[in-house]
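Contents: one structure, followed by commentary.
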Amino acid sequence: MWIALIPMLAWGSIGLISGKMGGDANQQTLGMTWGALLFALLTTTLSWQHFMSYNTPKLWLVGLVSGLCWSLGQYNQFVSMKAIGVSKTMPISTGAQLVFTTLVGALFFHEWTTGKMLILGFLALALLVLGVIFTAMRDKSDTAALARSQKEDWSLGMKALVLSTLGYVLYTVVVKLFNVDTQAMVLPQACGMVIGALLFALKPNAFQKATYKNMFTGLVWGTGNFCMFQATALVGLAVSFSLAQSGLVISTFGSIFLLGEKKTKKEMVYVVIGSCLIILGSIILGLLK
3 MWIALIPMLA WGSIGLISGK MGGDANQQTL GMTWGALLFA LLTTTLSWQH FMSYNTPKLW
63 LVGLVSGLCW SLGQYNQFVS MKAIGVSKTM PISTGAQLVF TTLVGALFFH EWTTGKMLIL
123 GFLALALLVL GVIFTAMRDK SDTAALARSQ KEDWSLGMKA LVLSTLGYVL YTVVVKLFNV
183 DTQAMVLPQA CGMVIGALLF ALKPNAFQKA TYKNMFTGLV WGTGNFCMFQ ATALVGLAVS
243 FSLAQSGLVI STFGSIFLLG EKKTKKEMVY VVIGSCLIIL GSIILGLLK
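Counting in our numbering, the sequence shown runs from 3 upward without gaps.
Have a look at this one:
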């Protein structure tokens, strides 16, 4: 079960690390995919015999499609972070991903098989979504907070979040649907990510210092991705993905204390309540297996 917690730590740090590395959405996406490809090459080399035993056209097709979907999701998440901030993007993005991915895992892949599991599962999902709502709430009575919100581009942010959610949901569901070996798939998936990044993020300013610095972000993401798919095979898509997305607690608090995103006292109370609800929901999901 512990392996399902690693993606939470790794993915919860992505927005913070990329924020510190700098760069725009294009540079962050490209650098991240290169780092993920480097991670994939290292892990594949270390388990070469395993990779060759599962090396089929199906593995490459599924991996490439999954990587393309991921690049759509990650690029647009970076766009949203620039438009409305990390502390607002991550709760909304996480909530949407949790709702759709968990429902797909539970209802279509039948990962919740008893009445008790369904009741606890939907209770956990409700707690997670409620927690996400709390972490994204704003203090409408504070003029400074309202002034900050007026500078945010919510139109661009929400459009990007819709595309991001679509990409992220498909990135995990495709792998589960076609049941390929998740360890062997890491390299084809990383190749798909790089191809997708070149399609979505290749702009005239793409090759800058920040791009290369964000390769470290990709290494961290690759660690979380590898462990997430390993956990999916052990505890199922609904549980593994939901636990992984609980990293929003890290990204939300980190964006406030490390990246300097402003919150009023009332908003901080909302964040604490939301984080506690998310942790509780994640614990219930973990107990389902």
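Yeah, the Cβ is synthetic: ideal placement off N, Cα and C, and Gly gets one too.
If you're wondering where the values come from, they're calculated on a predicted model, not measured in any experiment.
For the ligand SAM, I want to know if residue i counts as a neighbour, meaning its beta carbon is within less than 6 Å of at least one of the ligand's heavy atoms.
i: T234; result: Ligands in the displayed structure: none, and consequently the ligand SAM is not present.
Hey, how far is the Cα of residue i from the Cα of residue j?
i: A199; j: V106; result: 26 Å
i: L7; j: T225; result: 12 Å
i: G238; j: F231; result: 9 Å
i: G97; j: K90; result: 11 Å
i: M119; j: L236; result: 17 Å
i: I275; j: A126; result: 15 Å
i: K22; j: I258; result: 13 Å
i: G159; j: L74; result: 14 Å
i: T174; j: V271; result: 33 Å
i: C193; j: K211; result: 22 Å
i: T31; j: S20; result: 9 Å
i: K84; j: L250; result: 17 Å
i: L70; j: I5; result: 25 Å
i: W223; j: C229; result: 10 Å
Enumerate in chain order the residues of its own chain whose CB-to-CB distance from residue i is below 6 Å, with the five nearest sequence positions on each side excluded.
i: N28; result: A203, K205, A208
i: V177; result: S68
i: I286; result: L122, A126
i: L189; result: A42, T46
i: L129; result: L279, L282, G283
i: A162; result: N78, V81, S82
i: V196; result: T35, L39
Using a Cβ-Cβ cut-off of 8 Å (strictly less than) and excluding sequence neighbours within five positions of residue i, which residues of its own chain qualify?
i: C278; result: G133
i: T180; result: Going by the sequence as given, residue 180 is Phe instead of Thr. The residues are K60, V64.
i: L165; result: L74, G75, N78
i: I252; result: M10, L11, G14, S15, L18
Please report the Cβ distance between residue i and residue j, rounded to the nearest whole angstrom; I am assuming they are in contact, meaning their Cβ atoms lie under 8 Å.
i: T293; j: T104; result: As shown, the chain starts at 3 and ends at 291. That puts residue 293 outside it, with no answer to give.
i: T254; j: P93; result: 6 Å
i: G123; j: L290; result: 6 Å
i: G33; j: T213; result: 4 Å
i: V171; j: F102; result: 5 Å
Using C-beta distances below 7 Å, list every residue in its chain close to residue i, excluding the 5 sequence neighbours before and after it, in chain order.
i: S49; result: Q185
i: S55; result: none
Segment contact flag, the stretch 36-47 with the stretch 215-234, C-beta cutoff 8 Å, min 3 pairs: yes
Stretch-stretch touch, CB-based, cutoff 8 Å, three pairs: the stretch 10-20 with the stretch 63-71: no
Segments assigned alpha helix (DSSP H), at least 4 residues, entirely inside the stretch 232-271: 239-247, 250-259
The stretch 114-129 contacting the stretch 71-79, beta-carbon criterion three pairs below 8 Å: no
The stretch 258-269 touching the stretch 119-133, judged by at least three CB pairs closer than 8 Å: no
Runs of alpha helix (DSSP H) wholly within the stretch 40-85 (minimum 4 residues, chain order): 50-55
Alpha helix (DSSP H) segments (min. 4 residues) lying fully within the stretch 170-220: 188-203, 211-215
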